[in-house]
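I have placed the structure first, in the form of structure tokens, so that the comments after it can refer back to it.
Protein chains in written order, with our numbering: chain A, 12 to 373; chain B, 16 to 420.
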């Protein structure tokens, strides 16, 4: 096969590339330049710095494969960064890594690759593609602590058919050891965790810089009293506890959490954690990794965060709305997050959380 | 007759001579021979004198080839340093002597000229007047004349001999005369012109001329600024004053020896080379237009040494991304260039094409093929064999991008 490997310059994609070469494929390494500024200044600690491009290039040299930098900064700014800001502006909490997988890595890159007669795109994600009776299936990685099937839940069946995840059957430490054994310079490089375009990890400050000041009130859900002021609803996400700076302590002395964000009135509502418990999720814009579900409820496993607990649930599709009823409630779920549903280890599909229903307590 | 390049040139089609050239075998022999000697050319003992002799003989050979005086040859680490020395050195000297702060330069200069000028503008108070070009990439002489009316205010005028991307040859003799009449120092970057166009620096009468070794079959890491000793140039590098007090640093005697052989050869065989490469160039242009009828050849298509570099072909392929085309041709064994500057491999739209009025999308759809000493018709055939498939694939990829956008 002719395969493009998306090489970030990290351990995982480096080993993925090495394995593709070992498997006898005709491999080309591509580093995605997602931010011109970061690449030029080398200051960013994110995934697209000059150092990372250099690391990726050196791994490609060692593997003896051609290597190119693809400038996708315009698409990335438009489809990921602008979308991220827009979602926050509307009081939602997006996951930019999912968005990047959906729009950049497995769309822009894959489409280009296929148009140029490549057969597949490989990445260093921890997940498995298995050929099932209805075609390719996306499954969780063997290493549960590294499993990235959640952030790949946005891939369609057509995209999966051309996606390769050579690390899905391994645990991270083995991959590191393999990098070391292969003499790859990146073997001891730390994992990246931050959002790549917010290298300092301070999302609130980034949003404040980009969206400006939009002061409003923080209101107590139970008393209705204004308990603090804030500088913009975008700094708050449902379930958040830190950084509220409440002037008035709660009557019961217990910590309070953000339970609602109303962009229109610029009101952030705080309350006890019990108000965060949600047992029904309505998801929009569903994407199916294989055969879609129908209006009849089916037993599924639901996951709402990249490293969140898998939860038992029943799911059904009404029109274009994915309805997920959780067996047990989940605490602090914000619109904009993705809900991915599984059949065992197999990803069925995903949707963007639009509305949730609070648990009604007796 | 071309020297034997078999040991350097592989089965790939190397059509990127504007980026760098295979080393001339005779230059390599001389370079390696001198590398076996010890001795700093500045040392006073026998071995130092021997090294100094190599440097001085090389200086004389280069001066004679270019029809200038040996004392005019200032060795540098390459074209970029020579350009920096010319721009900064002439600017600082002229500002000190005349209070002049204006810089005239074409909008299509190489980054080795553009960037020092932008630095002089942002941090040294230079008042930069960019000279526009026409659709063929030739500087507008009337704009230069206009800016030279108040000659005393102008510190330096810098316009390249031939453009590295689209190959357009500039009217440097006229520019040199206009500047001389206005009493303005004139610098020209002749890196691409050397060995490709007839060069007689005595006849040109420029104040400073940049040349580079590795573009003419010499080793990397050496170049020269050709400037009369009477020309006031403030040094950029200080520390020893080895090169006429204008440039400091121990010179690389072996590289200079190889450089001299390469320059002599490049100049002596220039007419033959130009004639031979013109045939390759025109065959490639004709082939491109036949295979990709909507391709557009950029630059000047007139015949003659005052129009286009003999080895340059620059084409835009509508609907393609140049970097994808490059990658596909690379896979097919063709080494070419998008012709534009890169930071971390990220292509920027070419400032040369933008200055020529080419649409930005079309400018990103461009490739440069450049022939040199070792090129043959086999290279042309290899490009033409690989091109249709590469263009078709790049177009498929390009149409996706435009749908998504």
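The C-beta atom is built at its ideal place from N, Cα and C for all residues, glycine as well.
Legend entry - Boundaries of the alpha helix (DSSP H) in which residue 69 (chain B) is found, first to last residue: Per DSSP, residue 69 (chain B) belongs to the alpha helix (DSSP H) from 61-81.
Inset, instruction - Answer with yes or no whether the minimum CB distance from residue 342 (chain B) to chain A is below 8 Å. - result: With respect to chain A, the C-beta atom of residue 342 (chain B) has a partner C-beta closer than 8 Å.
Legend entry - Cα-Cα separation between residue 179 (chain B) and residue 125 (chain B), rounded to whole angstroms: Residue 179 (chain B) and residue 125 (chain B) have their C-alpha atoms some 7 Å from each other.
Inset, instruction - Answer yes or no: does any C-beta atom of chain B fall closer than 8 Å to that of residue 110 (chain A)? - result: Not an interface residue.
Legend entry - Residue burial classification, residue 33 (chain A) (beta-carbon count within 10 angstroms, cutoff 16): Flag for residue 33 (chain A) reads exposed.
Legend entry - Spatial distance of residue 46 (chain A) from residue 86 (chain B) (CA atoms): Approximately 48 Å, taken between the alpha carbons.
Legend entry - Runs of beta strand (DSSP E) lying entirely within the stretch 103-180 of chain B, each at least 3 residues, in chain order: Within the stretch 103-180 of chain B, the complete beta strand (DSSP E) runs of at least 3 residues are 117-121, 142-146, 169-173.
Inset, instruction - Taking 8 Å as the cut-off, decide whether the C-beta atoms of residue 306 (chain B) and residue 403 (chain B) are in contact. - result: Contact: yes.
Legend entry - Residues near residue 153 (chain B) in its chain [Cβ-Cβ closer than 6 Å; skip 5 each side]: Cβ neighbours of residue 153 (chain B) beyond the five flanking positions: 183.
Legend entry - Buried/exposed call for residue 202 (chain B), threshold 16 Cβ in 10 Å: Residue 202 (chain B) comes out buried.
Inset, instruction - Go through its chain and collect everything with a Cβ distance to residue 95 (chain A)'s Cβ below 6 Å, but skip five positions before and after it. - result: Apart from sequence neighbours up to five positions away, the residues of its chain that approach residue 95 (chain A) with a beta-carbon distance below 6 Å are 105, 107, ordered along the chain.
Legend entry - Candidates B:100, B:35, B:37: closest to residue 253 (chain B) by CA position: Minimum Cα-Cα distance from residue 253 (chain B) among the listed residues B:100, B:35, B:37 corresponds to B:100.
Inset, instruction - Taking only beta-carbon positions, decide if residue 382 (chain B) is within less than 8 Å of chain A. - result: For residue 382 (chain B), not one C-beta of chain A is nearer than 8 Å to its own C-beta.
Inset, instruction - Please classify residue 392 (chain B): is it buried, with 16 or more other beta-carbons within 10 angstroms of its beta-carbon, or exposed? - result: Answer is exposed; the Cβ neighbour count stays below 16.
Legend entry - Against chain B: residues of the stretch 69-96 of chain A by CB proximity under 8 Å: Across the stretch 69-96 of chain A, CB contacts with chain B closer than 8 Å involve 77, 79, 80, 81, 82, 84, 86, in sequence order along the chain.
Legend entry - Under 7 Å (Cβ pairs) to chain B, residues found in the stretch 124-140 of chain A: Of all residues in the stretch 124-140 of chain A, 126, 127, 128 have a Cβ within less than 7 Å of some Cβ in chain B.
Legend entry - Coarse secondary structure for residue 385 (chain B), derived from DSSP in three states: DSSP places residue 385 (chain B) within a strand segment (E or B) once states are collapsed to three.
Inset, instruction - Give every residue of the same chain whose Cβ lies closer than 8 Å to the Cβ of residue 328 (chain A), excluding the five residues on either side of it in the sequence, and list them in chain order. - result: Scanning its chain for C-beta atoms nearer than 8 Å, with the 5 sequence neighbours on each side dropped, one finds around residue 328 (chain A) the residues 297, 303, 304, 305, 306, 334, in chain order.
Legend entry - Nearest residue (CA-CA) to residue 148 (chain B), options B:174, B:140, B:29: When only C-alpha atoms are compared, the closest one is B:174.
Inset, instruction - Answer yes or no: does any C-beta atom of chain B fall closer than 8 Å to that of residue 242 (chain A)? - result: The Cβ of residue 242 (chain A) sits no closer than 8 Å to any Cβ of chain B.
Legend entry - Beta-carbon gap between residue 163 (chain A) and residue 204 (chain A) smaller than 8 Å: Taking 8 Å as the cut-off, the beta carbon of residue 163 (chain A) is found no closer than this to the beta carbon of residue 204 (chain A).
Legend entry - Min CB distance residue 27 (chain B) to chain A below 8 Å: With 8 Å as the cut-off, residue 27 (chain B) does not count as an interface residue toward chain A.
Legend entry - Separation of residue 45 (chain B) from residue 378 (chain B), as counted between CA atoms: Their backbone Cα atoms lie some 41 Å apart in a straight line.
Legend entry - 3 or more residues per run - each beta strand (DSSP E) lying fully within the stretch 213-279 of chain B: Those beta strand (DSSP E) runs which fall completely within the stretch 213-279 of chain B and span 3+ residues are 223-227, 238-241.
Inset, instruction - Below 8 Å between beta carbons is the criterion; list the residues of the stretch 124-138 of chain B that meet it against any residue of chain E, in chain order. - result: Among the protein chains in the structure shown, which are A and B, there is no chain E.
Inset, instruction - Give the interface partners of residue 379 (chain A) over in chain B, defined as CB-CB distance under 7 Å, in chain order. - result: The question about residue 379 (chain A) has no answer, for chain A in this structure spans 12 to 373.
Inset, instruction - Within 10 angstroms of the Cβ of residue 281 (chain B), are there 16 or more other Cβ atoms? Answer buried if so, exposed if not. - result: So residue 281 (chain B) ends up on the buried side.
Legend entry - Residue range of the beta strand (DSSP E) that includes residue 42 (chain A): Per DSSP, residue 42 (chain A) belongs to the beta strand (DSSP E) from 37-44.
Legend entry - C-beta neighbour in chain A for residue 213 (chain B), strict 8 Å: Residue 213 (chain B) does not count as touching chain A.
Legend entry - Cβ-Cβ distance between residue 320 (chain B) and residue 213 (chain B) below 8 Å: Residue 213 (chain B) sits close to residue 320 (chain B), with the two beta carbons spaced by under 8 Å.
Inset, instruction - Might you give, ordered along the chain, the residues of its own chain that have their beta carbon closer than 7 Å to the beta carbon of residue 322 (chain B), omitting 5 neighbours on each side? - result: Answer for residue 322 (chain B): 184, 315, listed in chain order.
Inset, instruction - For chain A, find out if any of its Cβ atoms is closer than 8 Å to the Cβ of residue 339 (chain B); answer yes or no. - result: It does; some Cβ of chain A falls within 8 Å.
Legend entry - Opening and closing residue of the alpha helix (DSSP H) in which residue 353 (chain A) lies: Taken as a continuous stretch (DSSP letters only), residue 353 (chain A) belongs to no alpha helix (DSSP H), being part of the beta strand (DSSP E) at 349-354.
Legend entry - For residue 327 (chain B), three-class secondary structure by DSSP: Assigned with DSSP and collapsed to three states, residue 327 (chain B) falls in strand.
Legend entry - Interface flag, residue 4 (chain B) vs chain A, CB-CB below 8 Å: The shown model of chain B, from 16 to 420, leaves out residue 4 (chain B), and the question about it has no answer.
Legend entry - Candidates A:29, A:74, A:315, of which the one nearest residue 365 (chain A) by Cα: Looking at the Cα atoms, A:315 is the closest of the given residues.
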